Amino acid sequence: MLAGPHPRSGLDARERTAVVVEDDPDVRDLLEAVLSQAGFATRTAASGREGVELVRTFDPLVTTLDVGLPDIDGFEVCRRIRTVSDTYVVMLTARTDEIDALMGLDAGADDYQTKPFRPRELRARIEAMLRRPRHGVLPAGGGAAGAAAADGLVVNVAARTVAVDGTEVHLTRSEFDLLGALVDAPGRAIPKDALVRVLWGDEYDTGTLVTDQDRRSVEVHLTNLRRKLGDDAASPRWIRTVRGVGYRFDQPS
Ligand code: CA
168 MLAGPHPRSG LDARERTAVV VEDDPDVRDL LEAVLSQAGF ATRTAASGRE
218 GVELVRTFDP LVTTLDVGLP DIDGFEVCRR IRTVSDTYVV MLTARTDEID
268 ALMGLDAGAD DYQTKPFRPR ELRARIEAML RRPRHGVLPA GGGAAGAAAA
318 DGLVVNVAAR TVAVDGTEVH LTRSEFDLLG ALVDAPGRAI PKDALVRVLW
368 GDEYDTGTLV TDQDRRSVEV HLTNLRRKLG DDAASPRWIR TVRGVGYRFD
418 QPS
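Just so we're aligned, residue 168 is where the sequence shown starts under the numbering used here, counting upward by one.
Below, the structure written as structure tokens:
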């Protein structure tokens, strides 16, 4: 069951609603079954436009979104969904190449799942996603106002906003959570596996196995994060890759 507290309480109807956007009827039925068993009232759409309308109407807690749809592709559907809802979005793709992942995450998806998948695997992924804190995750190492600043970068924890050289930068939840974890420990290398757990909202559980796909998801989020911040992996202003370990937020000098 997707039971237990999560930060989006107070919206009971929403907590139990999911939207499935999938044109393959077999996969659609499977997704509906998995989500229904997890306690969701599930609505399904066979096209992207229909999916956007369902999300607009029902404002679901979770949306699964196929990349290959007959009318508009899943990335564009995700962008449109993001203009009307902050639903958790899992993108499903039959292709595993990095471009898919990059585009999927950049479009505002929270996670992605490759096909074929086992029902249990998808359910675990959704459960992990729902455990992620959505608001004010980080006690940023900064001041009492909940803001941290370093060399032109200002992270406001309470408002979940980020500005670079005075210009606001829009980050996805995952990007913000990762940035927050790094900013919170300046000068310290954070292992990739620990960042996976940040995404899971599960930093103290070391019992769950971290897979290569999870690590790659962190890499993809970091790539997007750097691009949005205008940071450069080769000559970093803030986020440095620590080879064989993970990433480090450089101490402001
Ligand atoms: Ca499809």
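Beta carbons are placed, not taken as given, at the ideal position from N, Cα and C, and that holds for glycine. Since we're looking at a predicted model, the values are computed, not measured.
Per DSSP, reduced to three states, the secondary structure at I239 is coil, with no helix or strand assignment. As a beta-bridge residue in DSSP terms, G413 pairs with P358 and V409. Rounded to whole angstroms, the separation of the alpha carbons of T339 and G397 is 15 Å. R216 places its beta carbon less than 7 Å from that of D238. For D193, the enclosing alpha helix (DSSP H) has its first and last residue at P192 to Q204.
About 15 Å separates the beta carbon of V257 from that of L221, a gap too long to meet the 8 Å contact definition.
Inter-residue distance for L320 and V331 is about 5 Å (C-alpha atoms, whole angstroms). In the structure shown, L228 adopts coil according to DSSP, grouped into three states. Distance from P358 to F416 at the Cβ level is roughly 14 Å; contact not present, criterion being Cβ atoms closer than 8 Å. Taken atom to atom, the span from the alpha-carbon of T390 to that of A212 is near 31 Å.
Beta-bridge partners assigned by DSSP to T184: A208.
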